[in-house]
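What follows is a set of notes on a single structure, which appears directly below.
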């Protein structure tokens, strides 16, 4: 089991210290969420709470993921970074390829692109991107992005995007893993075509159920290679409980370790102390 620190809603001023501590303490990665703006009024209900309300306040900070990752890669040595999740269909695939590819080069290939199709129609409207076509554009955009990450000349012709003969440099020197979020069968099939799946917060039994279904979809698609199943577990506290999730197919767990010791409303000092305690109590025993 690998552990990733979730940076959701954390003050940007704390992130460099948290990244350095995660790097030194043996955490595998930082998980970085994505929103461009937070609109005051929405028609679209938030899909991950029973009443449709958002989990965060309007003072929550949403730094650009790839600017942030480039900055944090410069103060760490081995820590990986992935988005949980980035919405490429809200952007030009050329800009996605440039931002992610540059971060990959600057970090020494320590990044992965976690994607979702997005839920907030108003945010798509603000950025002048079609909401109803976002699924098809995500698939086609990812195909184009992977072409743009290859060195040398690229051409592309699709339904939504096309590229004349061009180059985009710098290009990553190793493949950038792509993880996919979402709970629909379409999302599972999309994930099976790539390198992993990024979920939400679940109890262990529920997470094992999603991991099982993903394994079935990958077997149906005859998918090969390593595949990550990344979730946040709401009921795992000790190594034995995380080991049970791992046996059920969960490969990575997103966490805010200070929540176990002092709660979510922790100072930076308490966050760093919680990370150190969790590393001693769980991360290192799970790595043996």
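In full-length UniProt numbering, the protein residues as written are 1 to 288. We treat Cβ as the ideally placed atom computed from N, Cα and C, and that holds for glycine.
Which runs of the alpha helix (DSSP H) at least 4 residues long sit entirely within the stretch 110–191? Give them in chain order.
You should have 121–126, 134–148.
Do the stretch 134–141 and the stretch 87–102 make contact, defined as three or more Cβ pairs closer than 8 Å?
With a cut-off of 8 Å, the stretch 87–102 and the stretch 134–141 count as touching, because enough Cβ pairs lie within range.
Count the C-beta pairs between the stretch 143–163 and the stretch 215–224 that are closer than 8 Å, then say yes if the count reaches three, no if not.
Not touching, per the Cβ criterion.
Mind checking which residues open and close the alpha helix (DSSP H) that includes residue 258?
Segment 258–261, the alpha helix (DSSP H) holding residue 258.
What number of angstroms, rounded off, separates the C-alpha of residue 225 from the C-alpha of residue 40?
Near 43 Å, if we compare the C-alpha coordinates of residue 40 and residue 225.
Going residue by residue through the stretch 4–33, where are the continuous alpha helix (DSSP H) segments of at least 4 residues, counting only ones entirely within it?
Counting whole runs of 4 or more residues, the stretch 4–33 contains the alpha helix (DSSP H) stretches 12–25.
Assuming residue 83 and residue 114 form a contact by the criterion Cβ under 8 Å, report the distance between their Cβ atoms to the nearest whole angstrom.
Confirmed, about 4 Å.
Suppose the cutoff is 6 Å on Cβ atoms and the five residues either side in sequence are ignored; what does the same chain contact list for residue 270 look like?
Excluding sequence neighbours, residue 270 sits near 258, 262.
In the DSSP output, which residue or residues are listed as bridge partners for residue 329?
Since the first residue of the chain shown is 1 and the last is 288, residue 329 is not available in this structure.
From this set, 255, 286, 265, 170, which residue's C-alpha is nearest residue 247's C-alpha?
Comparing Cα-Cα distances from residue 247 to each of 255, 286, 265, 170, the minimum goes to 286.
Taking the CB atoms as reference points, tell me whether residue 30 and residue 4 lie closer together than 9 Å.
Yes, the pair counts as a contact, with Cβ atoms nearer than the cut-off.
How many Å lie between residue 53 and residue 164 at the Cα?
When rounded, the distance between both Cα atoms is 44 Å.
Please tell me whether residue 245 and residue 237 are closer than 9 Å, where the distance is taken between their beta carbons.
No. Outside cutoff.
Beta carbon of residue 255, beta carbon of residue 235: below 9 Å?
Going by C-beta atoms, residue 255 is not nearer than 9 Å to residue 235.
Compute the distance between the beta-carbons of residue 112 and residue 176, then report whether it is under 9 Å.
Yes, Cβ-Cβ distance for residue 112 and residue 176 is below 9 Å.
Which whole-angstrom value is the C-beta distance of residue 281 and residue 48, which I expect to be below 8 Å?
Going by Cβ atoms, the distance from residue 281 to residue 48 rounds to 28 Å, so no, they are not a contact pair.
With distances taken between CB atoms, is the gap from residue 73 to residue 33 smaller than 9 Å?
It is not a contact, given that the beta carbons lie outside the stated cut-off.
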